[in-house]
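> Quick one: the structure is below, and I'll ask about it shortly.
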Amino acid sequence: MELLMAWRNVWRNPRRTILTILAIAFACILLVFMLSLQIGMYEVMINTAVKTRTGHMQVLADGYNQDHKIRKVISDPEAVARILDDTPHITGYTFRANGFALLSSDQRTYGGLITGVDPVSEPRISNIKSIIRKGRFLSPSDTNSAVIGSLLAKRLKIDLGDELVVLGSARDGAIAATVLTVAGIFSSGMDDYDRSAIQIPLAHFQEVFAMEGTVHEAVITCDSLWNVGSAQTAISKAVAGLEQKRRLTCLSWDELTPGLVQSIQMDLGGGLIFYGILLIMVAFSIMNTFLMAVFERTREFGTLMAIGARPGRLTTMLVYESAFLTLCGIGLGIGAGCLLTLWAQHAGIPMGDAEGMLRQYGIPGLIRPKLTLATALAGPAVVFLITMLTALYPAVKVHRIIPVDAMRAA
Amino acid sequence: MTKGNQSMITRRLKTIGFTLGILLVLPAAAAANPNAGAIIAKAWDYMRGKTSVSVVRMTVHREDWQRTSVIKAWTRGRKTSIFQIVAPKKDKGNGTLKKDRDMWTYNPKINRVVKIPPSMMSQSWMGSDFSNNDLSKADTILMDYTHEITGTTEVNGITVYDITSIPKPDAPVIWGKQALKIREDGVLLEQAFFDEDMEPVKIMTTTDIRMIGGKPFPARWTMRSMEAESDQDYTLLEYESLDFNVPLRDSLFTLNALRKPLR
Numbered sequence: 311m312e313l314l315m316a317w318r319n320v321w322r323n324p325r326r327t328i329l330t331i332l333a334i335a336f337a338c339i340l341l342v343f344m345l346s347l348q349i350g351m352y353e354v355m356i357n358t359a360v361k362t363r364t365g366h367m368q369v370l371a372d373g374y375n376q377d378h379k380i381r382k383v384i385s386d387p388e389a390v391a392r393i394l395d396d397t398p399h400i401t402g403y404t405f406r407a408n409g410f411a412l413l414s415s416d417q418r419t420y421g422g423l424i425t426g427v428d429p430v431s432e433p434r435i436s437n438i439k440s441i442i443r444k445g446r447f448l449s450p451s452d453t454n455s456a457v458i459g460s461l462l463a464k465r466l467k468i469d470l471g472d473e474l475v476v477l478g479s480a481r482d483g484a485i486a487a488t489v490l491t492v493a494g495i496f497s498s499g500m501d502d503y504d505r506s507a508i509q510i511p512l513a514h515f516q517e518v519f520a521m522e523g524t525v526h527e528a529v530i531t532c533d534s535l536w537n538v539g540s541a542q543t544a545i546s547k548a549v550a551g552l553e554q555k556r557r558l559t560c561l562s563w564d565e566l567t568p569g570l571v572q573s574i575q576m577d578l579g580g581g582l583i584f585y586g587i588l589l590i591m592v593a594f595s596i597m598n599t600f601l602m603a604v605f606e607r608t609r610e611f612g613t614l615m616a617i618g619a620r621p622g623r624l625t626t627m628l629v630y631e632s633a634f635l636t637l638c639g640i641g642l643g644i645g646a647g648c649l650l651t652l653w654a655q656h657a658g659i660p661m662g663d664a665e666g667m668l669r670q671y672g673i674p675g676l677i678r679p680k681l682t683l684a685t686a687l688a689g690p691a692v693v694f695l696i697t698m699l700t701a702l703y704p705a706v707k708v709h710r711i712i713p714v715d716a717m718r719a720a
Numbered sequence: 201m202t203k204g205n206q207s208m209i210t211r212r213l214k215t216i217g218f219t220l221g222i223l224l225v226l227p228a229a230a231a232a233n234p235n236a237g238a239i240i241a242k243a244w245d246y247m248r249g250k251t252s253v254s255v256v257r258m259t260v261h262r263e264d265w266q267r268t269s270v271i272k273a274w275t276r277g278r279k280t281s282i283f284q285i286v287a288p289k290k291d292k293g294n295g296t297l298k299k300d301r302d303m304w305t306y307n308p309k310i311n312r313v314v315k316i317p318p319s320m321m322s323q324s325w326m327g328s329d330f331s332n333n334d335l336s337k338a339d340t341i342l343m344d345y346t347h348e349i350t351g352t353t354e355v356n357g358i359t360v361y362d363i364t365s366i367p368k369p370d371a372p373v374i375w376g377k378q379a380l381k382i383r384e385d386g387v388l389l390e391q392a393f394f395d396e397d398m399e400p401v402k403i404m405t406t407t408d409i410r411m412i413g414g415k416p417f418p419a420r421w422t423m424r425s426m427e428a429e430s431d432q433d434y435t436l437l438e439y440e441s442l443d444f445n446v447p448l449r450d451s452l453f454t455l456n457a458l459r460k461p462l463r
């Protein structure tokens with residue numbers, strides 16, 4: 311009975327109803343799309359950082375992350391490997407060693423970061439193989455070959471097959487020197503990295519820098535971002551118990567790249583303010599509709615109550631009306647929002663002039679939003695909650711109506 | 201035409217006035233200040249002589265390890281020097297040539313000479329607490345700073361000057377201030393380097409002054425970085441031998457010489 315009356319009441323003024331539904335729908339579309347876009351962007355940012363440099367987690371000597379001193383090593387990588395093999399959710403790991411050194415070609419000399427990587431396990435952890443633009447990645451039979459960042463290659467004026475001299479300090483304080491041959495040139499999209507980094511086989515690095523079998527980082531990937539926390543706790547506990555010369559710690563990607571997390575938080579904060587304003591506007595428009603509905607129908611309510619309708623039934627009716635409006639709007643909004651997002655996900659959104667700025671975060675020129683159950687439903691759920699709350703006010707106000715006065719009014 | 205002449209004349213007059221002004225002021229300044237600059241210049245020349253040949257044992261000490269190498273060094277004047285490592289065996293033959301502000305380093309294993317770029321000048325020299333800048337810009341204190349004697353003390357009957365040196369406004373230096381302690385005979389006792397916030401960054405002290413190379417000279421030089429993790433972190437230079445005013449060939453201070461094992 312109340313349901314039928316609500317349905318009829320809603321369509322008594324079709325134009326107003328449709329406008330209200332559209333307002334709600336539009337808010338939902340915007341929320342679905344924007345949230346998906348943000349999540350898509352963050353995921354790309356995180357994945358790029360994780361894939362090119364940090365991995366999901368790293369095991370390091372305590373303090374190495376603050377101060378990359380060559381002496382702060384993992385003295386027994388084998389023991390760490392055994393722990394990682396036994397930890398669930400871990401899909402792979404590789405060892406790296408880093409040193410700062412003079413990199414010198416025939417014509418130029420620059421300071422740079424030289425990383426020893428395992429030619430076999432490194433491509434399973436990072437995307438290094440796929441970002442090689444020229445030449446090839448290191449192979450297990452290589453000794454003094456190197457892959458080098460594209461911007462560094464340009465600065466040093468070297469190309470494939472050219473020689474590159476490395477001069478630095480070894481772990482034992484001796485002078486580390488070697489001549490490398492450029493086997494490949496990579497471009498990660500992160501300018502900082504491409505400007506200063508070269509990679510050489512770990513074994514050669516250990517020999518040149520007198521590492522004696524030690525490494526600096528165990529780089530780990532997880533089956534999903536969501537399992538990083540639990541895996542990190544497990545690994546931290548296990549490596550802390552190892553008998554090593556230096557205490558080891560396990561850090562996750564957000565601890566390794568605090569700048570990335572901060573920029574995501576900043577962006578999300580700005581987004582939330584925007585969504586808040588949007589929701590308040592929607593709430594007022596709904597409230598307006600329902601208040602009008604009650605005011606202009608005071609006589610009608612008075613009559614209904616005079617012929618025996620209890621205020622409770624009127625409230626139920628009004629709540630049905632608002633629920634109907636809201637659900638229509640949200641349904642329409644989710645549908646259209648998902649369609650729009652899926653289309654954008656498929657086609658990608660070119661970033662135009664902002665590309666240069668985004669590149670330093672490792673975001674490619676084309677952004678794809680990412681539609682998930684959460685991004686599709688979170689925004690509309692909040693809209694539903696808020697509209698229902700605002701609609702409750704007039705619905706409860708009906709209780710105060712006194713039939714005789716109401717019928718005389720207007 | 202006349203305008204040009206006029207401006208030239210005024211400029212010349214200004215120059216003359218300026219020179220006169222300096223001539224008038226100079227004696228007064230010198231009287232107020234027993235010539236801090238001259239004390240430093242004397243100390244620097246005292247350390248180097250016209251030429252010098254020395255063998256130095258360098259120990260880089262850290263909390264959990266230390267490493268000693270033996271370096272032979274030749275210097276001529278204030279600006280030219282060449283170093284070569286003679287021990288340990290692993291590093292033997294590595295050398296550094298310094299001419300004016302430029303530095304080259306040579307490694308025998310790869311047989312290459314590499315010029316150290318400006319961006320690496322603040323990096324450590326051979327893993328020690330000395331930076332490339334400490335070597336290449338050692339003499340900038342003579343040109344790029346204004347000096348003031350801030351105190352004198354007497355130690356064992358010898359006057360020691362405390363000198364504070366502030367860089368000239370446009371000088372290309374990395375320190376905000378330097379503070380030196382120099383004995384009246386020219387022996388450098390302490391040199392402290394301050395950053396732009398006037399916080400000490402590094403302090404070099406000398407000890408064990410005895411007769412070396414025919415004059416009193418500190419045999420132990422210790423460089424400590426204030427940013428070090430513990431007071432166990434320092435670099436110690438010990439003179440094993442030192443001779444002054446030895447005749448040295450011009451060809452000694454060349455890139456070619458750097459490639460050869462030097463006597």
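Protein chains in written order, with my numbering: chain A, 311 to 720; chain B, 201 to 463. C-beta atoms are modelled at their ideal positions from N, C-alpha and C, and glycine is treated no differently.
Distance, Cα to Cα, A/N537 vs A/H399?
Here residue 537 of chain A corresponds to residue number 227 of the first sequence, with the count starting at 1. Here residue 399 of chain A corresponds to residue number 89 of the first sequence, with the count starting at 1. Roughly 7 Å separates the two Cα atoms.
> Let me check understanding here. Comparing Cα to Cα, which of A/A359, A/K555 and A/F605 lies closest to A/S436?
Your numbering for residue 436 of chain A matches position 126 in the first sequence. The shortest Cα separation from A/S436 among A/A359, A/K555 and A/F605 belongs to A/A359.
> Flag B/K315 as yes when its Cβ comes closer than 8 Å to any non-hydrogen atom of the ligand MG, and as no otherwise.
Ligands are entirely absent from the displayed structure, and the ligand MG is therefore not among its contents.
> Is the CB of B/A228 under 9 Å away from at least one CB in chain A?
Residue mapping note: residue 228 of chain B aligns to position 28 of the second sequence, counting from 1. Because B/A228 carries a pLDDT of 42, less than 50, the predicted location of this residue cannot be relied on, and no value is offered for it.
> With a threshold of 9 Å between beta carbons, is A/S479 in contact with chain B?
For the purposes of this step, residue 479 of chain A is taken as the residue at position 169 of the first sequence. Proximity of A/S479 to chain B, defined by a Cβ-Cβ separation below 9 Å, is satisfied.
> Listed from N- to C-terminal order along the chain, which residues in the segment 298–313 of chain B have their beta-carbon within a distance smaller than 7 Å of any beta-carbon of chain A?
T305, N307, K309, I310 and R312
> Count the C-beta pairs between the segment 540–560 of chain A and the segment 364–374 of chain A that are closer than 8 Å, then say yes if the count reaches three, no if not.
yes
> Is DSSP giving A/E517 helix, strand or coil here?
If you number the first sequence from 1, residue 517 of chain A lands on position 207. Residue state, collapsed to three classes: helix.
> Could you check what DSSP says for B/L455 in three-state terms: helix, strand or coil?
Here residue 455 of chain B refers to the residue found at position 255 when the second sequence is read from its first residue. In this structure, B/L455 counts as helix in the three-state DSSP scheme.
> For the segment 248–255 of chain B against the segment 268–280 of chain B, are there 3 or more C-beta pairs whose distance is under 8 Å?
yes
> With the cut-off set at 9 Å, would you say A/V476 and A/A486 are in Cβ contact?
Counting from 1 along the first sequence, the entry for residue 476 of chain A is found at position 166. Counting from 1 along the first sequence, the entry for residue 486 of chain A is found at position 176. It is a contact, given that the beta carbons lie within the stated cut-off.
> Between A/T488 and A/S455, what straight-line distance do the alpha-carbon atoms span, to the nearest angstrom?
For the purposes of this step, residue 488 of chain A is taken as residue 178 along the first sequence, with counting starting at 1. For the purposes of this step, residue 455 of chain A is taken as residue 145 along the first sequence, with counting starting at 1. A/T488 and A/S455: Cα-Cα distance of roughly 11 Å.
> Looking at B/E384: is its Cβ nearer than 9 Å to the Cβ of B/I403?
Numbered from its first residue, the second sequence carries residue 384 of chain B at position 184. Numbered from its first residue, the second sequence carries residue 403 of chain B at position 203. Result no, Cβ atoms of B/E384 and B/I403 do not sit closer than 9 Å.
> If we call anything under 9 Å between Cβ atoms a contact, is A/I596 one with A/T397?
Along the first sequence, one-based indexing puts residue 596 of chain A at 286. Along the first sequence, one-based indexing puts residue 397 of chain A at 87. No. Outside cutoff.
> Can you tell which of A/I393, A/R363 and A/M717 has the C-alpha that lies nearest to the C-alpha of A/A550?
Locating residue 550 of chain A in the first sequence gives position 240, counting from the first residue. Nearest of A/I393, A/R363 and A/M717 to A/A550, Cα basis: A/I393.
> Against A/I485, what residues of chain C qualify as contacts under a CB-to-CB distance less than 9 Å, listed in chain order?
Checking the listed chains, one finds no chain C in this structure; the protein chains it contains are A and B.
> The alpha helix (DSSP H) that contains A/I696, what's its start and end?
Here residue 696 of chain A corresponds to residue number 386 of the first sequence, with the count starting at 1. In this chain, the alpha helix (DSSP H) harbouring A/I696 covers L683 to K707.
> Under a CB-based cut-off of 9 Å, is A/S414 close to chain B?
Counted from its first residue, the first sequence places residue 414 of chain A at position 104. With 9 Å as the cut-off, A/S414 counts as an interface residue toward chain B.
> Taking C-beta pairs closer than 7 Å, name the residues in chain A that B/K377 reaches, listed in chain order.
Position 177 of the second sequence holds residue 377 of chain B. Result: empty, since nearest Cβ-Cβ is about 26 Å, beyond 7 Å.
> Would a check of beta-carbon distances place B/M320 closer than 9 Å to chain A?
For this step, residue 320 of chain B is matched to residue 120 along the second sequence. Closer than 9 Å to some Cβ of chain A, the Cβ of B/M320 qualifies, so yes.
> Of the residues that make up the segment 237–252 of chain B, which ones have a beta carbon closer than 9 Å to any beta carbon in chain A?
none
> Touch check for the segment 691–702 of chain A and the segment 636–647 of chain A: three-plus C-beta pairs under 8 Å?
The segment 691–702 of chain A vs the segment 636–647 of chain A: in contact.
> Straight-line CA distance for B/N233 to B/G351?
Counting from 1 along the second sequence, the entry for residue 233 of chain B is found at position 33. Counting from 1 along the second sequence, the entry for residue 351 of chain B is found at position 151. The pLDDT assigned to B/N233 is 48, lower than 50, so where the model puts this residue is not dependable; a value taken from the coordinates is nonetheless given after this. Spanning the two alpha carbons is a distance of roughly 11 Å.
> For A/R718, which three-state DSSP category applies?
If you number the first sequence from 1, residue 718 of chain A lands on position 408. Helix at A/R718.
> For B/F330, count neighbouring C-beta atoms within 10 Å of its own C-beta (all shown protein chains included) and say buried if the count is 16 or more, exposed if not.
As a working note, residue 330 of chain B is residue 130 in the second sequence. Counting Cβ neighbours within 10 Å, B/F330 comes out buried, since at least 16 surround it.
> Is B/W421 buried or exposed, if buried means 16 or more other CB atoms sit within 10 Å of its CB?
Counting from 1 along the second sequence, the entry for residue 421 of chain B is found at position 221. Buried, by the Cβ-count rule.
> If you run the structure through DSSP and keep just helix, strand and coil, what is B/P318?
For the purposes of this step, residue 318 of chain B is identified with residue 118 of the second sequence, where counting begins at 1. Helix at B/P318.
> Can you tell me the Cα-Cα spacing of B/I282 and A/D482, whole angstroms?
Here residue 282 of chain B refers to the residue found at position 82 when the second sequence is read from its first residue. Here residue 482 of chain A refers to the residue found at position 172 when the first sequence is read from its first residue. Rounded to the nearest whole angstrom, the C-alpha separation of B/I282 and A/D482 is 24 Å.
> Does DSSP put A/N319 in a helix, in a strand, or in coil?
Within the first sequence, the letter at position 9 stands for residue 319 of chain A. It is helical.
> Closer than 6 Å by C-beta to A/I711: which residues in its own chain qualify, once you throw out the five before and the five after it? Chain order, please.
Numbered from 1 along the first sequence, position 401 holds the residue referred to as residue 711 of chain A. Excluding sequence neighbours, A/I711 sits near F611.
> Considering only C-alpha positions, which residue in the set A/L570, A/D386, A/S460 and A/S479 is nearest to A/T353?
Locating residue 353 of chain A in the first sequence gives position 43, counting from the first residue. According to the sequence shown, residue 353 of chain A is Glu rather than Thr. The shortest C-alpha separation from A/E353 is found at A/L570.
> Can you check whether the C-beta of A/T419 is within less than 9 Å of a C-beta belonging to chain B?
As a first step, residue 419 of chain A must be located in the first sequence, where it is residue number 109. A/T419 has a beta carbon lying within less than 9 Å of a beta carbon in chain B.
> Is there a Cβ of chain B sitting closer than 9 Å to that of A/R443, yes or no?
Position 133 of the first sequence holds residue 443 of chain A. Answer no: the Cβ-Cβ gap between A/R443 and chain B never drops below 9 Å.
> Quick one: which residues of the segment 255–277 of chain B get their C-beta closer than 7 Å to a C-beta of chain A? List them in chain order.
V260 and R267
> How far does the alpha helix (DSSP H) with A/V342 in it reach, from first residue to last?
As a working note, residue 342 of chain A is residue 32 in the first sequence. Here the alpha helix (DSSP H) through A/V342 covers P324 to A359.
> May I ask you to report which of helix, strand or coil DSSP gives A/Q655?
As a working mapping, residue 655 of chain A is identified with position 345 in the first sequence. A/Q655 falls in the helix class under three-state DSSP.
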